[in-house]
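Numbering (our numbering), first residue to last: 1 to 230.
Laid out in structure tokens, this is it:
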């Protein structure tokens, strides 16, 4: 039983970590975060990074544990959720592969909010909105988190699976905290070209994961039809 729980948690982590990491894209986001925090002291940047990471984790955590239950309450099946989530992820990944500059401009607009983020007198005013949501954790991330939280296979224990997904979220948010805290150094080290290379590699992984989630949803519908025909 213990081995089954560990196996379930490991499988969940190996599925959830690349999915969440790819769609959050901490390295690409850190470039824009550096612009959004221009003029702030290092102490403020560190505190803001910690607060943004905390808010981002809470949004992902709620989506993983409660998002699927809320949708099921409204009559939305897990298969429908997987199909929709897979499509959202795949389309986002495809757009990032084809035109990363457009996605960067959109992210920058979300983060800066017409200069309000940079000019906000109190750094904490912009921690939740727009830096945590929708800049760091947007609709795509929420859709992925809900799909992952609702994706426990029938033959695996639920709690270890959810804990594996949660631990993946912890790891991703920890990377967000580190990259945001050292965003200026990261920008100097990677540069725009290096960051775009990392972003495109992450987008390719994300595209594969989106197709996998979509396929799981289609498989769920196929099994329902098969059982109905028996």
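Glycine included, every Cβ here is placed at the ideal spot set by N, Cα and C.
My output table needs one value for residue i: the three-state DSSP class, helix, strand or coil.
i: residue 115; result: For residue 115, the predicted model reports a pLDDT of 48, less than 50, meaning its position is unreliable; a value from the coordinates is still stated below. If DSSP states are grouped into helix, strand and coil, residue 115 belongs with the helices.
i: residue 212; result: helix
i: residue 125; result: helix
i: residue 12; result: helix
i: residue 35; result: helix
i: residue 158; result: helix
i: residue 221; result: helix
i: residue 25; result: coil
i: residue 138; result: coil
i: residue 76; result: coil
Nearest-angstrom Cα distance between residue i and residue j?
i: residue 21; j: residue 94; result: 16 Å
i: residue 224; j: residue 218; result: 10 Å
i: residue 126; j: residue 133; result: 10 Å
i: residue 12; j: residue 162; result: 7 Å
i: residue 17; j: residue 40; result: 31 Å
i: residue 119; j: residue 210; result: Residue confidence for residue 119 is low, a pLDDT of 48 falling below 50, so the modelled location carries little weight; the figure read from the coordinates is stated next. Between residue 119 and residue 210, the C-alpha separation is close to 37 Å.
i: residue 75; j: residue 43; result: 47 Å
Can the beta-carbon of residue i be found closer than 7 Å to that of residue j?
i: residue 81; j: residue 71; result: yes
i: residue 143; j: residue 68; result: no
i: residue 56; j: residue 136; result: yes
With 16 other CB atoms within 10 Å as the buried threshold, where does residue i fall?
i: residue 73; result: exposed
i: residue 91; result: exposed
i: residue 179; result: buried
i: residue 160; result: buried
i: residue 140; result: buried
i: residue 194; result: exposed
i: residue 145; result: buried
i: residue 38; result: exposed
i: residue 124; result: exposed
i: residue 158; result: exposed
i: residue 189; result: exposed
Evaluate the contact criterion for the segment 42-49 versus the segment 190-202: three or more CB pairs, one atom per stretch, below 8 Å. Flag = no, the segment 42-49 and the segment 190-202 do not touch.
Any contact between the segment 168-179 and the segment 26-33? By contact I mean 3 or more CB pairs, one from each, below 8 Å. Touching, per the Cβ criterion.
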